[in-house]
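To start, the structure itself, in structure tokens.
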Amino acid sequence: MRLLPLLLLPVLVLATPFRPADLPAGSAWFLHVDHDAVRSAPLGASLMSQPIDDASCPLPPKAKAFLTETGFDYRRDLRALTVFGSGAERQASILVRHSADDLKVGEFLRQQGAKTTTVEGAPCLAYDCGPDGNECTLFIAFPQPGVIAIGMSAKDLGLALRSLESERAESALPALAAQEGIANPSVLAAVDMVACAEANPRLPAMARQFRVFGMAAGEVGDKVVFRSRTEMVQAPMADNVVKMVEGFAAMAASRDANAASWLEGLAVKASGAQVTTDYQVSAQRVLEEIARAKVRMAEWRAKRAAGK
Numbered sequence: 026m027r028l029l030p031l032l033l034l035p036v037l038v039l040a041t042p043f044r045p046a047d048l049p050a051g052s053a054w055f056l057h058v059d060h061d062a063v064r065s066a067p068l069g070a071s072l073m074s075q076p077i078d079d080a081s082c083p084l085p086p087k088a089k090a091f092l093t094e095t096g097f098d099y100r101r102d103l104r105a106l107t108v109f110g111s112g113a114e115r116q117a118s119i120l121v122r123h124s125a126d127d128l129k130v131g132e133f134l135r136q137q138g139a140k141t142t143t144v145e146g147a148p149c150l151a152y153d154c155g156p157d158g159n160e161c162t163l164f165i166a167f168p169q170p171g172v173i174a175i176g177m178s179a180k181d182l183g184l185a186l187r188s189l190e191s192e193r194a195e196s197a198l199p200a201l202a203a204q205e206g207i208a209n210p211s212v213l214a215a216v217d218m219v220a221c222a223e224a225n226p227r228l229p230a231m232a233r234q235f236r237v238f239g240m241a242a243g244e245v246g247d248k249v250v251f252r253s254r255t256e257m258v259q260a261p262m263a264d265n266v267v268k269m270v271e272g273f274a275a276m277a278a279s280r281d282a283n284a285a286s287w288l289e290g291l292a293v294k295a296s297g298a299q300v301t302t303d304y305q306v307s308a309q310r311v312l313e314e315i316a317r318a319k320v321r322m323a324e325w326r327a328k329r330a331a332g333k
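Using the working numbering, read the sequence shown as starting at 26 and increasing by one per residue.
Okay, structure coming up:
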């Protein structure tokens, strides 16, 4: 799937305040990332000021061509990303809200081989992904100025388009997101595992032990905060999950002092069948670690180029 990563680049730094109305009833999972919240917080603002084509992690040629030819600067133009689905394999609907030029994006896709077609009467583009064109076909439409709808199938694009309609039932999934205490979450996600299991019989047995999951993450003051709520199918499993997480954290802390300091802000507890997780870490520390990681990446690339 050569093009999908281009359109979602980069998932970790996207979008505008979450719109529950973008999720139609029947959705079993969703992910939303809020670019405005990212840019308004110190860590996010610093990340957004970084060069697009960093020498420590250069863009793939296809991604660079997309950004160059369309003038699409995700740091400035990407407004929202909402992805949702029924839980079935190879199924997802995507809404991208942006302030770039729809015409330039569409023209670039056509230059890459996208064909004009229609889905439910709406004009769209069909793009064959993969080296042989058979891996999957993305269906892409521009239903409103500043909105790109994408489906992994024609049916999925139809779901994305219908999610923009004003008169239709909305999903209850947003209520699961554990965003208490995070006024402007950068990331929201929720999964109805029971619905996913019904849609995908091949879902692993371990995943079927979970009933629902919701999470939120964002900057609160000078901290990066992550919160999640998970409901297990059986209450005893909640205690097992807590023991597993605490055991892993203890093992990591005993082997590495640096890991121990990173795990100081982790708290996991069980109440009945529910597991809640809270984690916070200094935003400045995250920024410093990212800078160190970029240096290590640049050194690794230099050694590889030198044949070492």
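Ideal placement from N, C-alpha and C gives every residue a C-beta, glycine not left out.
Suppose you measure from the CA of glutamate 190 to the CA of methionine 322; what does that come to, to the nearest Å? The residue labelled residue 190 in the question sits at position 165 within the sequence shown. The residue labelled residue 322 in the question sits at position 297 within the sequence shown. Distance from the CA atom of glutamate 190 to the CA atom of methionine 322, rounded to whole angstroms, is 45 Å.
Looking only at its chain, what residues have a beta carbon closer than 8 Å to the beta carbon of alanine 308, apart from the 5 residues adjacent to it on each side? Looking up residue 308 in the sequence shown gives position 283. Only Ala66, Pro67, Leu68, Glu244, Asp247, Lys248 and Val249 meet the Cβ criterion.
Just list the beta strand (DSSP E) runs in the segment 98-175, keeping only unbroken ones of 3 residues or longer that don't cross its boundaries, in chain order. Fully enclosed beta strand (DSSP E) runs of 3 or longer: 103-110, 118-123, 140-144, 147-154 and 161-169.
What first and last residue would you give for the alpha helix (DSSP H) that runs through glutamate 271? Position 246 of the sequence shown, counted from the first residue, corresponds to residue 271. Its alpha helix (DSSP H) spans residues 260-280.
Measure how close the beta-carbons of glycine 260 and glycine 297 come, nearest whole angstrom, since I'm counting them as under 8 Å. Locating residue 260 in the sequence shown gives position 235, where the first residue counts as 1. Locating residue 297 in the sequence shown gives position 272, where the first residue counts as 1. It is worth fixing the name first, because residue 260 is alanine in this sequence and not glycine. Contact between alanine 260 and glycine 297 holds: CB atoms are separated by about 5 Å, below the 8 Å threshold.
Determine whether the beta carbon atoms of alanine 185 and glycine 176 lie at a separation below 8 Å. Translated into the one-based positions of the sequence shown, residue 185 becomes position 160. Translated into the one-based positions of the sequence shown, residue 176 becomes position 151. Their beta carbons are under 8 Å apart, which means alanine 185 touches glycine 176 by this criterion.
Would you say valine 267 and valine 293 are within 8 Å of each other, going by their C-beta atoms? One-based indexing of the sequence shown puts residue 267 at position 242. One-based indexing of the sequence shown puts residue 293 at position 268. Judged by their CB atoms, valine 267 and valine 293 are nearer to each other than the 8 Å cut-off.
For glutamate 271, which residues from the same chain have a beta carbon less than 7 Å from its beta carbon, with the 5 sequence-adjacent residues on both sides left out? Against the sequence shown, residue 271 aligns to sequence position 246. Val293.
Do alanine 113 and valine 144 have their beta-carbon atoms positioned less than 8 Å apart in this structure? For the purposes of this step, residue 144 is taken as the residue at position 119 of the sequence shown. For the purposes of this step, residue 113 is taken as the residue at position 88 of the sequence shown. With respect to alanine 113, valine 144 sits apart: the two C-beta atoms are not nearer than 8 Å.
Using a Cβ-Cβ cut-off of 7 Å (strictly less than) and excluding sequence neighbours within five positions of leucine 198, which residues of its own chain qualify? The residue given as residue 198 occupies position 173 in the sequence shown. Excluding residues within five positions, the ones whose Cβ falls inside 7 Å are Leu48, Ser52, Phe55, Ala215 and Asp217.
Between serine 196 and the rest of its own chain, which residues show a CB-CB distance below 8 Å, the 5 nearest in sequence each way excluded? Residue numbering aside, residue 196 sits at position 171 when the sequence shown is read from its first letter. Scanning its chain for C-beta atoms nearer than 8 Å, with the 5 sequence neighbours on each side dropped, one finds around serine 196 the residues Pro45, Leu48, Pro49, Ala50, Gly51, Ser52, Phe55 and Phe109, in chain order.
May I ask you to verify whether the segment 275-289 touches the segment 218-226, counting CB pairs closer than 8 Å and requiring at least 3? Result no; under three Cβ-Cβ pairs closer than 8 Å.
Is glycine 131 close to chain D? Criterion is C-beta to C-beta, closer than 8 Å. Checking the listed chains, one finds no chain D in this structure; it contains a single protein chain.
From this set, Lys319, Gly332, Trp325 and Arg326, which residue's C-alpha is nearest proline 76's C-alpha? On the sequence shown, residue 76 is found 51 positions in, with the first residue counted as 1. Lys319 is the residue among Lys319, Gly332, Trp325 and Arg326 whose C-alpha sits nearest the C-alpha of proline 76.
Note down the Cα distance separating alanine 241 from threonine 107, rounded to an integer number of angstroms. The residue you call residue 241 lines up with position 216 of the sequence shown. The residue you call residue 107 lines up with position 82 of the sequence shown. Looking at the two C-alpha atoms, the distance is approximately 14 Å.
Could you tell me whether the segment 121-138 touches the segment 86-102, using the rule of 3 or more Cβ pairs below 8 Å? Output reads yes: the segment 86-102 touches the segment 121-138.
For alanine 284, I'd like the list of residues in its chain whose CB is within less than 7 Å of its CB, leaving aside the five on either flank, ordered along the chain. Residue 284 sits at position 259 when you count from the first residue of the sequence shown. Ala277 and Ala278.
Nearest to alanine 200 by alpha carbon, out of Gln116, Val237 and Met262? In the sequence shown, residue 200 corresponds to position 175, counting from 1. For alanine 200, the nearest C-alpha among the options comes from Val237.
By the 10 Å Cβ neighbour count, where 16 or more other Cβ atoms means buried, how is isoleucine 315 classified, buried or exposed? Reading the sequence shown from its first residue, position 290 is the one you call residue 315. Counting C-beta atoms within 10 angstroms of its own C-beta, isoleucine 315 has fewer than 16 neighbours from the protein chains shown and is therefore classed as exposed.
If you run the structure through DSSP and keep just helix, strand and coil, what is leucine 288? As a first step, residue 288 must be located in the sequence shown, where it is residue number 263. Note: leucine 288 maps to helix in three-state DSSP.
For glutamate 256, count the other beta carbons within 10 Å of its own beta carbon; 16 or more makes it buried, fewer makes it exposed. Which is it? On the sequence shown, position 231 is the one that residue 256 refers to. With 16 or more other Cβ atoms within 10 Å, it is buried.
May I have the straight-line CA-CA distance separating valine 63 from aspartate 303, to the nearest angstrom? Indexing the sequence shown from 1 puts residue 63 at position 38. Indexing the sequence shown from 1 puts residue 303 at position 278. Looking at the two C-alpha atoms, the distance is approximately 20 Å.
Classify serine 286 as buried or exposed, calling it buried when 16 or more other Cβ atoms lie within 10 Å of its own Cβ. For the purposes of this step, residue 286 is taken as residue 261 along the sequence shown, with counting starting at 1. In summary, serine 286 is exposed, with fewer than 16 beta-carbon neighbours lying within 10 Å of its beta-carbon over all protein chains present.
Minimum C-alpha distance to isoleucine 173 - residue among Arg100, Ala208 and Ala125: Along the sequence shown, read from residue 1 onward, the residue named residue 173 stands at position 148. A check of alpha carbon separations from isoleucine 173 across Arg100, Ala208 and Ala125 identifies Ala125 as the nearest.
Comparing alpha-carbon positions, which option in Phe164, Glu313 and Ala220 lies nearest leucine 72? Taking the first residue of the sequence shown as position 1, residue 72 is located at position 47. The shortest C-alpha to C-alpha distance from leucine 72 to any of Phe164, Glu313 and Ala220 is the one to Glu313.
Taking the beta strand (DSSP E) that glutamate 94 belongs to, which residues open and close that run? As a working note, residue 94 is residue 69 in the sequence shown. Taken as a continuous stretch (DSSP letters only), glutamate 94 belongs to no beta strand (DSSP E), being part of the alpha helix (DSSP H) at 86-95.
Spatial neighbours of aspartate 262 in its chain, beta-carbon cut-off 8 Å, leaving aside the 5 residues before and after: Here residue 262 refers to the residue found at position 237 of the sequence shown. Sequence check: residue 262 is methionine here, not aspartate. Answer for methionine 262: Gln234 and Ala298, listed in chain order.
Does glycine 69 come out as helix, strand or coil in the three-state DSSP assignment? As a working mapping, residue 69 is identified with position 44 in the sequence shown. In this structure, DSSP gives glycine 69 a helical state, which the three-state scheme calls helix.
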